[in-house]
Amino acid sequence: MHAATDTLARLTEYLRENPEPAEALGLIEPLLDEYTGVPVQLADVLRALARAVQEHPDTPRTIGTDLLIQELRTAAWEQADQHTLHYALDDLRGLYRKAPETMPECSLCP
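Residue numbering for the sequence shown follows my numbering, beginning at 353 and increasing consecutively.
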């Protein structure tokens with residue numbers, strides 16, 4: 353887990369150095385895959401944690417505990433909703449495909 357978070361931190365630092373958009377999109381694409389990306393995986397982890405806490409015999413059976421478990425499940429749904437971010441990547445890729453190539457200006461151009 354530490355390696356994964358370290359990798360994400362290094363990716364963030366790299367993206368702050370303004371790489372080419374196509375390269376940046378390629379690096380981000382696996383993170384936002386609609387089936388296996390970080391939002392989906394994090395949602396699964398949160399649901400599994402909620403289930404583990406709820407089903408553990410040493411977990412106190414209180415209203416406070418129930419609220420915490422519900423908070424984990426709500427957060428899981430919110431993360432799962434982020435799976436649609438892969439569509440934003442598709443749109444960004446299309447944006448760069450449609451963008452006209454910039455031509456260097458010459459001294460004769462008005």
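Where is the CB? At the ideal position from N, CA and C, for every residue including glycine.
Pairwise C-alpha distance: residue j and residue i
i      : j      : result
Ala356 : Glu365 : 14 angstroms
Pro371 : Leu377 : 10 angstroms
Tyr387 : His435 : 8 angstroms
Tyr439 : Leu424 : 26 angstroms
Val390 : Pro373 : 20 angstroms
Leu363 : Gly416 : 38 angstroms
Exposure label - residue i; buried when at least 16 CB within 10 Å
i      : result
Gly446 : exposed
His354 : exposed
Asp442 : exposed
Gln422 : exposed
Ala402 : buried
To test your reading of the DSSP string, which unbroken alpha helix (DSSP H) runs of 4 or more residues are found completely within the segment 368-448? Runs of the alpha helix (DSSP H) inside the segment 368-448: 373-380, 390-407, 415-433.
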